[in-house]
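J.:
There are 4 protein chains.
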Amino acid sequence: MAIQKSEEKREKILQAGIKLFSENGYSKATIKDISKEAGVSFGTVFTYFENKDTLFEASVLEPLEDMKAVLLSQAEEQDDVAAQIKETIKLHMTYFAQQGTYARMVQYVIGQRDRFADLFNELNDFTEEFQESLEPLIRKGQEQGVLIELDPNNVAITYLAYINGVRLTTIDDIDQLPSWNMFMDHAYLLFGPKQ
Amino acid sequence: MAIQKSEEKREKILQAGIKLFSENGYSKATIKDISKEAGVSFGTVFTYFENKDTLFEASVLEPLEDMKAVLLSQAEEQDDVAAQIKETIKLHMTYFAQQGTYARMVQYVIGQRDRFADLFNELNDFTEEFQESLEPLIRKGQEQGVLIELDPNNVAITYLAYINGVRLTTIDDIDQLPSWNMFMDHAYLLFGPKQ
Amino acid sequence: MAIQKSEEKREKILQAGIKLFSENGYSKATIKDISKEAGVSFGTVFTYFENKDTLFEASVLEPLEDMKAVLLSQAEEQDDVAAQIKETIKLHMTYFAQQGTYARMVQYVIGQRDRFADLFNELNDFTEEFQESLEPLIRKGQEQGVLIELDPNNVAITYLAYINGVRLTTIDDIDQLPSWNMFMDHAYLLFGPKQ
Amino acid sequence: MAIQKSEEKREKILQAGIKLFSENGYSKATIKDISKEAGVSFGTVFTYFENKDTLFEASVLEPLEDMKAVLLSQAEEQDDVAAQIKETIKLHMTYFAQQGTYARMVQYVIGQRDRFADLFNELNDFTEEFQESLEPLIRKGQEQGVLIELDPNNVAITYLAYINGVRLTTIDDIDQLPSWNMFMDHAYLLFGPKQ
DNA sequence: AATGAATGAGGTTTCATTCAT
DNA sequence: CATGAATGAAACCTCATTCAT
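Residue numbers (UniProt numbering), protein chains in the order written: chain A, 1 to 195; chain B, 1 to 195; chain C, 1 to 195; chain D, 1 to 195.
1) Give the list of continuous beta strand (DSSP E) stretches no shorter than 3 residues that lie fully inside the segment 114-169 of chain B.
2) Look at G141 (chain D) and L150 (chain D) and say whether their C-beta atoms are less than 7 angstroms apart.
3) For the alpha helix (DSSP H) that D33 (chain D) lies in, which residues bound it at each end?
4) Looking at the structure shown, is Q4 (chain D) part of a helix, part of a strand, or coil, going by DSSP?
5) Against Y48 (chain D), what residues of chain C qualify as contacts under a CB-to-CB distance less than 8 angstroms, listed in chain order?
6) Run down chain B in chain order and give the residues with a C-beta less than 9 angstroms from the C-beta of Q195 (chain A).
7) Taking Cβ positions only, does Y102 (chain C) come closer than 7 angstroms to chain D?
8) Alpha carbons only, please: which of C:W180, C:N24, C:I89 is nearest the one belonging to F56 (chain C)?
9) Compute the beta-carbon to beta-carbon distance between A38 (chain A) and A69 (chain A), rounded to the nearest angstrom, for a pair I have assumed lies under 8 angstroms.
10) Hey, is R104 (chain B) close to the ligand MG, as in C-beta under 6 angstroms from one of its heavy atoms?
11) Considering just the uninterrupted stretch of the alpha helix (DSSP H) at residue 201 (chain D), what are its terminal residues?
12) Which two residues bound the contiguous alpha helix (DSSP H) that contains S59 (chain B)?
13) Report the neighbours of A82 (chain D) on chain C: residues whose CB is nearer than 9 angstroms to its CB, in chain order.
14) Along the alpha helix (DSSP H) that carries F46 (chain A), what are the first and last residues, could you check?
15) Name the two residues that bound the continuous alpha helix (DSSP H) containing A103 (chain D).
16) Are the CB atoms of M93 (chain C) and F21 (chain C) nearer to each other than 7 angstroms?
17) Would you verify that the beta carbon of L119 (chain C) is, or is not, closer than 7 angstroms to some beta carbon of chain D?
18) How many angstroms separate the CA atom of L91 (chain C) from the CA atom of I163 (chain C)?
19) Using a threshold of 7 angstroms, state whether the C-beta atoms of K86 (chain C) and Y159 (chain C) are closer than that.
20) Give a yes or no on whether 7 angstroms exceeds the smallest Cβ distance from L72 (chain B) to chain A.
21) In chain C, which residues lie with their C-beta within 9 angstroms of the C-beta of F183 (chain D)?
22) Determine the direct distance from the alpha carbon of A161 (chain B) to that of Q99 (chain A), and round the result to whole angstroms.
23) T88 (chain C): which of C:K194, C:A156, C:V166 sits nearest, CA to CA?
24) When DSSP labels each residue in this structure, what does K9 (chain A) get in the three-state scheme?
25) Given a cut-off of 7 angstroms on the beta-carbon distance, is the pair V40 (chain A) and I31 (chain A) in contact?
26) Please list, in chain order, all residues of the same chain as L71 (chain C) whose beta carbon is under 7 angstroms from its beta carbon, the five residues on each side excluded.
27) Using the Cα positions of K194 (chain B) and Y102 (chain A), report the straight-line distance between them to the nearest angstrom.
28) Residues of chain B with CB under 7 angstroms from K28 (chain A), in chain order?
29) At a Cβ threshold of 7 angstroms, is N51 (chain D) touching chain C?
30) Could you check the C-alpha separation between residue 209 (chain D) and V166 (chain C) for me, to the nearest Å?
31) S35 (chain C): buried (16+ other C-beta within 10 angstroms of its C-beta) or exposed?
32) What does the alpha-carbon distance come out to for the pair L168 (chain B) and Q107 (chain A)?
33) Since Q107 (chain D) meets chain C, which of its residues come closer than 7 angstroms, beta carbon to beta carbon?
34) Kindly indicate if chain A contains any beta-carbon less than 7 angstroms away from that of residue 223 (chain B).
Structure, rendered in structure tokens:
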């Protein structure tokens with residue numbers, strides 16, 4: 001039970017970290033602010049995280065697992081491959097639309113790969129995993145003549161860059177779904193639909 | 001002549017600011033480091049820029065003008081509209097490929113629009129300008145039956161997001177042009193080519 | 001039986017305190033380190049000692065009693081007073097040779113007599129006791145014409161300073177007895193042997 | 001002139017460091033206290049010393065040079081070797097009597113030789129130098145039949161330990177010269193006078 | 001105009017102590 | 001009793017900004 005309570009607090013601090021690091025960047029997000037946001041005392045942060053860097057790493061890694069899970073998931077198998085891809089895109093981008101500012105942290109890590117080497121490698125490894133995961137779907141589309149012949153790896157890479165670009169550039173809140181719908185429609189173009 | 005000399009120094013400091021802010025972010029780039037990079041003394045920075053924020057704003061704005069000029073420029077008018085668009089994309093993305101880390105500063109401003117309200121508005125205004133600038137070309141492509149019918153504004157927005165996504169996600173140096181060539185080819189897909 | 005067990009724990013903590021305070025000084029020896037060294041939990045330290053200062057005082061006092069006992073003890077009465085003194089010196093200094101870093105704590109207390117007033121007075125009182133204890137032996141040596149006429153109090157004081165100086169300056173381990181033998185031989189000089 | 005002023009301030013800080021480190025030990029002497037004692041602001045300390053450790057090292061080394069100079073100096077050559085030695089002792093111990101608490105810092109360094117390796121080695125080297133410096137005088141005394149035959153190195157070592165012991169144990173202020181006179185007289189015993 | 005010493009607010013981190021379990 | 005999570009005071013250190021030279 002003591003453990004239960006601890007985990008709760010750790011989680012609160014982590015969520016506060018994710019929020020403030022995302023919104024303000026590493027340096028501007030102070031431990032004091034994070035502890036206030038989490039509703040714990042200043043010192044308690046250090047009970048759960050060795051130091052600021054450790055908290056930051058956790059703040060990046062934890063949502064990353066979610067993000068990975070979403071991006072590696074796909075819509076159900078169906079005959080209409082175009083529909084299947086479009087649904088997959090919707091699955092992916094809906095998540096990003098809700099993700100708020102998290103993408104900015106990923107960006108931060110990429111920008112300072114020396115400092116956060118482990119995190120960076122983790123992100124890098126994921127890119128490959130993502131390519132592999134998307135390849136069968138893309139190939140299926142190409143084989144059925146729905147998509148033009150493009151290197152599936154390149155499609156995956158550009159599609160991922162696009163998602164990030166949209167997330168980083170767009171400042172809309174989740175509510176403004178209309179524009180997100182548009183972004184989803186256009187994402188499909190990167191798969192090279194025959195039209 | 002005194003003015004001439006001053007301007008030189010101001011420029012050196014600005015370039016140092018652009019470099020270090022881009023590479024390290026706002027907080028980690030210290031005035032001392034910037035002055036060292038610029039080859040001037042510590043106090044001199046404050047002779048040319050009121051404070052750190054002012055220097056940062058200038059460091060974002062100055063390259064922004066270049067970036068704007070490039071993104072608003074287009075390849076020469078020609079009969080083959082597809083070729084014209086592709087050349088325009090090359091024009092745009094070659095610049096970004098060479099820009100190194102500058103895009104990260106833009107990102108930083110977008111992420112803190114409250115703090116850098118003026119800069120943010122400047123960026124926002126540009127988006128509209130960019131849409132207007134690209135519209136004729138897109139419309140031309142659609143009229144000639146080379147592109148499918150899409151809202152030109154949306155094409156411009158998604159294309160811009162894509163460019164940013166590529167720049168922010170990709171860590172390649174300028175040298176590794178192969179991948180940038182690929183990114184250029186795929187960018188064209190966002191214009192909705194009939195194929 | 002409960003009490004028995006408690007006393008055991010108290011002793012473990014005390015020994016850990018003596019060890020770590022001696023080796024690292026007051027500030028650098030943390031309660032956490034001491035608890036770990038003692039093999040008890042962090043909070044348990046406060047069950048047996050009100051606070052850090054209390055533990056420190058105990059850590060100084062407890063070995064002090066041993067030290068006192070040793071320094072107040074003397075070699076067996078014998079006709080050859082020179083031999084008796086030399087054996088007494090050996091008794092004293094062998095103890096110090098084995099004491100490791102404890103002397104440093106005494107030093108620490110002397111250096112901060114305001115802070116540890118009680119301890120300091122305790123130490124001061126001992127000096128007088130030591131003088132009294134040594135006086136008969138010294139006087140006996142002088143009466144037998146083995147020692148020159150010196151104020152026995154001064155002999156005791158300088159001898160005590162010498163022992164401390166050797167202990168504080170020397171970094172040898174107990175093993176390196178050779179040098180300690182030398183130190184013992186020379187200690188006798190302070191008693192003013194006729195030669 | 002600017003340099004002149006700087007050096008003055010550096011010196012003030014250093015003197016404050018020597019005073020407070022000696023009196024309170026490393027950890028209890030805070031930068032804030034030291035800056036206050038020196039009459040400068042908190043930040044100014046870091047203008048002249050990289051960090052607390054650096055200031056501490058300087059606070060040990062600077063007086064060490066004085067101390068070395070004194071301990072390596074000797075009374076003028078004269079026919080009466082006993083008088084010469086006694087005067088040399090007076091030279092040495094008068095300095096220590098005035099030195100206040102400095103010896104405690106030396107003690108601190110010896111106690112933590114791993115942490116302050118360079119300082120420790122410096123101290124260690126000095127011991128040898130001291131032995132060499134004292135050897136001729138001791139040998140002269142032995143040759144003239146004033147001193148008994150003892151290893152000069154051992155005499156030097158024990159004499160040094162004695163001085164330190166007196167300084168560390170004695171809490172008298174400089175004023176109380178009487179006791180220091182006694183300590184000087186007894187120091188001579190360590191040289192092994194024939195009597 | 002150029003310099004860099006001086007300042008102190010504010011950041012991260014440590015750690016003695018309290019106290020609920 | 002034993003435990004260790006919670007707390008916040010206080011330490012060190014950084015660095016933007018001021019200002020005398």
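All C-beta atoms, glycine included, are put in the ideal place defined by N, C-alpha and C.
Quantities reported herein were computed from a predicted structural model and do not represent experimental measurements.
T.: The short version:
1) Taken in chain order, the whole beta strand (DSSP E) runs of length 3 or more contained in the segment 114-169 of chain B number zero.
2) Not in contact: G141 (chain D) and L150 (chain D) (Cβ atoms no closer than 7 angstroms).
3) Boundaries of the alpha helix (DSSP H) harbouring D33 (chain D): 31-38, taken from the DSSP string.
4) Low local confidence applies: a pLDDT of 45 at Q4 (chain D) is under 50, so the model's placement there is unreliable, with the coordinate-based value given in what follows. In this structure, Q4 (chain D) counts as helix in the three-state DSSP scheme.
5) The CB of Y48 (chain D) never comes closer than 8 angstroms to any CB in chain C; the least such distance is about 24 angstroms.
6) Neighbours of Q195 (chain A) on chain B, chain order: I148, G192, P193, K194, Q195.
7) Using beta-carbon distances, Y102 (chain C) does not count as an interface residue toward chain D, since no partner is under 7 angstroms.
8) When only C-alpha atoms are compared, the closest one is C:N24.
9) For A38 (chain A) against A69 (chain A), the beta-carbon gap comes to about 25 angstroms, at or over 8 angstroms, which does not count as contact.
10) The ligand MG is absent from the structure shown, which contains no ligand whatsoever.
11) This structure gives no information on residue 201 (chain D), because the portion of chain D shown stretches from 1 to 195.
12) Counting along the chain, the alpha helix (DSSP H) containing S59 (chain B) begins and ends at 52-72.
13) Residues of chain C passing the Cβ test: none, with the nearest at roughly 14 angstroms.
14) Where F46 (chain A) is concerned, the enclosing alpha helix (DSSP H) starts and stops at 44-48.
15) That run of the alpha helix (DSSP H) goes 102-111.
16) No. Outside cutoff.
17) For L119 (chain C), no Cβ of chain D is located within less than 7 angstroms of the residue's own Cβ.
18) So the two alpha carbons sit approximately 12 angstroms from each other.
19) Not closer than 7 angstroms, so no.
20) No, L72 (chain B) lies away from the interface with chain A (no Cβ there is under 7 angstroms from its Cβ).
21) In chain order, N154, I157, T158, A161 make up the part of chain C whose C-beta sits under 9 angstroms from the C-beta of F183 (chain D).
22) Taking the Cα positions, Q99 (chain A) is about 17 angstroms away from A161 (chain B).
23) Ranking C:K194, C:A156, C:V166 by Cα distance to T88 (chain C) puts C:A156 first.
24) Three-state DSSP puts K9 (chain A) in a helix.
25) Going by beta carbons, V40 (chain A) and I31 (chain A) fall outside the 7 angstroms limit.
26) Closer than 7 angstroms at the Cβ level, and outside the excluded window around L71 (chain C), lie H92, F130.
27) Per the coordinates, the alpha-carbon of K194 (chain B) lies some 36 angstroms from the alpha-carbon of Y102 (chain A).
28) Ordered by position in chain B, the residues that pass the 7 angstroms Cβ test against K28 (chain A) are S27.
29) Put simply, the CB of N51 (chain D) is far from chain C, with every gap to its CB atoms at 7 angstroms or more.
30) Any property of residue 209 (chain D) remains undetermined from this structure, which presents chain D solely from 1 to 195.
31) That one is buried.
32) Their Cα atoms are separated by approximately 7 angstroms.
33) Neighbours of Q107 (chain D) on chain C, chain order: Q107, L168.
34) Because chain B spans 1 through 195 in this model, residue 223 (chain B) falls outside it and cannot be assessed.
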